[in-house]
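Report on the structure given below.
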Amino acid sequence: MAENVDARGLSCPQPVLMTRQALQQTGGDEVVVLVDTMTQVHNCTRIAEKLGWQANYQEKDDIYELTLRKI
Amino acid sequence: MAPDALAQVLRPLEKMFPAERFPQILVGLGTLSDDAAVYKITDELALIATLDFFTPVVDDPYQYGAIAATNALSDVYAMGGQVTLALNISCLSDCLPPEIISEILRGGGEKVAEAGGVIVGGHSVDDKEPKYGLVVLGFVHPDRVLTKAGAQPGDTLVLTKQLGVGIITTAFKADQTRPEHFDAAVESMLKLNRTAAELLQNRDTHACTDVTGFALLGHACEIAERSGVQLRIHADRIPFLPGARDYADMWLFPAGTGHNQTGYGKHVHFDSAVEEEVRQLLYTPETSGGLLAAVPADRLDDLRADFAKANEPLWVIGEVLDGTGIEVVP
């Protein structure tokens, strides 16, 4: 079961901090992050990649669902 | 606002006030736009007018007022002028204790006094999210106006403050900063550009602007576009405030970084050796940043000596070339 981070409505750098915390604390190998701007998608993707995770996103109704998987 | 959105909403005003109908306006809207407006009164005298206000970037009310004022005053200096009058703009909650409001106004007032100007009035409205700033008026000789439009191939690019205020204040909002990093950023924001502007003007500076919301690269793009030149910036020569690189490694960039990259990215070419964190830092908005200027290469030694004598910092960060846009090399 993937761990979820809901960072919708939050401004920079909160989504990045929440993503980093989730990746560092999770025992699993998948984390799903919800954000609502492309800037947050880019920033959360970047911090995930720096920590050794790969990111994919899809957009539904102006919400971006970012799926992060441990490489 | 993001740079492209701002340009779009301002376009109707440019049509309403066409430049050809107002010959006294040396610097105004549209293609004439710059850090502040300049209105020629006589052959010897031009008025500089500018306005700037923002939400708190620090918790201390006195520092907030002083930073907002330093930032507003900077636009007069970036045009080569001297500060004369200022008016307060405050959007503060009626529920705020009067001592807090007094401290904000005291901070602003002391900076205007340090600049040699005087506060002559202002206007306040009730607002839940605090905002403070000033209208600033100054004067300059019409022949000595410093704009973004005069850079020439062969000029040297100089910068008068370190970068990094934007990422440090963003990290501060998330409780991620070390106190010494934050203090250095505040000190930088509180420093007037007055002396730096005077020294630049005395050495025949060709183009000048202050580095604020559109970041180093956005403001550099404006110089390149207005002057019809290319700017080459050496990333390794860019001075950063202590801590800025650490917070970039943690990717604590404000939303403005992405907006600036979207708005100016098509004009900027990075050498592949320039690290991603550095690229992002160069797109990160600054508050009360330093002056970015194009100076004649043969005046650089004198300029360096002037700055050293005045105990003012100066960094040589690049050069002006034939072409368009910005080239960032390691």
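First to last, the sequence lines map onto chains A and B. Sequential numbering of the first sequence, starting at 8, is according to our numbering. Sequential numbering of the second sequence, starting at 273, is according to our numbering. The C-beta atom is built at its ideal place from N, Cα and C for all residues, glycine as well.
1. Name, please, each residue of chain B whose Cβ falls closer than 7 Å to the Cβ of leucine 24/A.
2. To the nearest angstrom, report how far apart threonine 596/B and glycine 381/B are at their CA atoms.
3. Alpha carbon to alpha carbon, how far is lysine 67/A from proline 333/B? Give it in angstroms, no decimals.
4. Which partner residues does valine 483/B have in the DSSP bridge list?
5. Tell me which residues of the segment 520 to 543 of chain B have at least one Cβ-Cβ distance to chain A shorter than 7 Å, keeping chain order.
6. Which stretch, first to last residue, makes up the beta strand (DSSP E) that contains glutamine 117/A?
7. Starting from the beta carbon of asparagine 63/A, find every residue of chain B whose beta carbon is closer than 9 Å, and list them in chain order.
8. How would you list, in chain order, the residues of chain A whose beta-carbon sits under 8 Å from the beta-carbon of alanine 443/B?
9. Mind checking which residues open and close the beta strand (DSSP E) that includes tyrosine 404/B?
10. Which chain B residues sit within Cβ distance under 7 Å of isoleucine 54/A?
11. Look at the alpha carbon of proline 514/B and the alpha carbon of phenylalanine 289/B, and state the distance between them as a whole number of angstroms.
12. Can you tell me where the beta strand (DSSP E) holding threonine 322/B begins and where it ends?
13. Please name the residue, chosen from Glu452/B, Gly530/B and Ala350/B, that lies closest to leucine 431/B on a Cα-to-Cα basis.
14. Closer than 8 Å by beta-carbon distance: list the chain B residues that pair up with asparagine 11/A, in chain order.
15. How many Å lie between aspartate 570/B and aspartate 476/B at the Cα?
16. Flag this pair as yes or no: are the beta carbons of aspartate 306/B and lysine 445/B separated by less than 9 Å?
17. Return the first residue and the last residue of the alpha helix (DSSP H) that leucine 471/B is part of.
18. Using the three-state DSSP reduction, which class does glutamate 292/B fall into: helix, strand or coil?
19. Please identify, using Cβ separations under 7 Å, the residues of the segment 32 to 48 of chain A that lie next to chain B, in order along the chain.
20. So, using beta-carbon positions, are leucine 553/B and valine 483/B closer together than 9 Å?
21. Mapping DSSP to helix, strand and coil, what is alanine 308/B?
22. For valine 392/B and threonine 314/B, what's the separation of their Cα atoms in angstroms?
23. Hey, arginine 568/B and valine 501/B: beta-carbon distance below 9 Å or not?
24. Between the segment 465 to 474 of chain B and the segment 273 to 291 of chain B, do three or more beta carbon pairs fall short of 8 Å?
25. Taking Cβ positions only, does arginine 27/A come closer than 9 Å to chain B?
26. Can you tell me whether DSSP reads phenylalanine 512/B as helix, strand or coil?
27. Looking at chain B, is there any beta carbon in it that lies within less than 9 Å of the beta carbon of lysine 79/A?
28. Quick one: any contact between the segment 514 to 524 of chain B and the segment 70 to 77 of chain A, if contact means 3 or more CB pairs under 8 Å?
29. So lysine 67/A contacts chain B; which residues on that side make the cut at Cβ distance below 8 Å?
30. Which value, in whole angstroms, describes the spacing of the CA atoms of leucine 578/B and leucine 41/A?
31. Output needed for aspartate 574/B: all residues of its chain with C-beta closer than 8 Å, excluding positions within five of it in sequence on either side, in chain order.
32. Which residues bound the alpha helix (DSSP H) around alanine 62/A?
33. Leaving out five residues on either side along the sequence, give the residues of the same chain with a beta carbon under 7 Å from the beta carbon of glutamate 371/B.
34. Classify phenylalanine 542/B as buried or exposed, calling it buried when 16 or more other Cβ atoms lie within 10 Å of its own Cβ.
35. Would you check if the segment 331 to 348 of chain B and the segment 402 to 422 of chain B touch, i.e. whether three or more CB-CB distances between them fall below 8 Å?
36. Jot down the residue ranges of each uninterrupted alpha helix (DSSP H) in the segment 500 to 558 of chain B, minimum 4 residues, whole runs only, in chain order.
Checking against the coordinates, here is how it stands:
1. Against leucine 24/A, the close residues of chain B are Ala446, in the order they occur along the chain (beta-carbon pairs closer than 7 Å).
2. Straight-line measurement puts the Cα of glycine 381/B at about 41 Å from the Cα of threonine 596/B.
3. Near 42 Å, if we compare the C-alpha coordinates of lysine 67/A and proline 333/B.
4. None; valine 483/B has no bridge partner.
5. Residues of the segment 520 to 543 of chain B with a Cβ closer than 7 Å to any Cβ of chain A, in chain order: Trp523, Leu524, Phe525, Pro526, Ala527 and Gly530.
6. Residue coverage of chain A in this structure runs from 8 to 78, which leaves residue 117/A outside it and unanswerable.
7. Result: empty, since nearest Cβ-Cβ is about 18 Å, beyond 9 Å.
8. What alanine 443/B touches in chain A: Pro20.
9. Residues 403 to 412.
10. Within chain B, the residues near isoleucine 54/A are Trp523.
11. Looking at the two C-alpha atoms, the distance is approximately 45 Å.
12. Looking at the DSSP string, the run of the beta strand (DSSP E) that includes threonine 322/B is 317 to 326.
13. From the listed residues Glu452/B, Gly530/B and Ala350/B, the smallest Cα separation to leucine 431/B is found for Ala350/B.
14. Simply none; closest approach about 20 Å.
15. Distance between the alpha carbons of aspartate 570/B and aspartate 476/B: 10 Å.
16. For aspartate 306/B and lysine 445/B, no; Cβs fall outside 9 Å.
17. For leucine 471/B, the uninterrupted alpha helix (DSSP H) segment begins and ends at 466 to 474.
18. In the structure shown, glutamate 292/B sits in a helix (DSSP, three-state: H, G or I).
19. Of all residues in the segment 32 to 48 of chain A, only Thr46 come within less than 7 Å of chain B when Cβ atoms are compared, listed by chain position.
20. Valine 483/B sits away from leucine 553/B, with the two beta carbons spaced by 9 Å or more.
21. Coil, per DSSP.
22. In a straight line, the C-alpha of valine 392/B is about 24 Å away from that of threonine 314/B.
23. According to the sequence provided, residue 568/B is proline. The question's arginine does not apply to it. Taking C-beta atoms as the reference points, proline 568/B and valine 501/B fail to come closer than 9 Å.
24. In this structure the segment 465 to 474 of chain B does not touch the segment 273 to 291 of chain B; the number of beta carbon pairs closer than 8 Å is below three.
25. Yes, because at least one Cβ of chain B sits closer than 9 Å to the Cβ of arginine 27/A.
26. In this structure, DSSP gives phenylalanine 512/B an extended state, which the three-state scheme calls strand.
27. The requested residue 79/A does not occur in the structure, where chain A is confined to residues 8 to 78.
28. Verdict: no, contact absent.
29. In chain order: nothing, as chain B lies at least about 21 Å away.
30. In the sequence as presented, leucine is not what sits at residue 578/B; that position holds aspartate. Computed Cα separation, rounded: 53 Å.
31. Result list for aspartate 574/B: Arg475, in chain order.
32. In the DSSP annotation of this structure, alanine 62/A is not part of any alpha helix (DSSP H); the continuous beta strand (DSSP E) holding it starts and ends at 60 to 67.
33. Excluding residues within five positions, none has a Cβ falling inside 7 Å.
34. It is buried - the Cβ of phenylalanine 542/B has at least 16 other Cβ atoms within 10 Å.
35. Using a C-beta cut-off of 8 Å, the segment 402 to 422 of chain B makes contact with the segment 331 to 348 of chain B, since at least three inter-stretch Cβ pairs fall below that distance.
36. Segments of the alpha helix (DSSP H) lying fully in the segment 500 to 558 of chain B: 516 to 521, 527 to 536 and 548 to 554.
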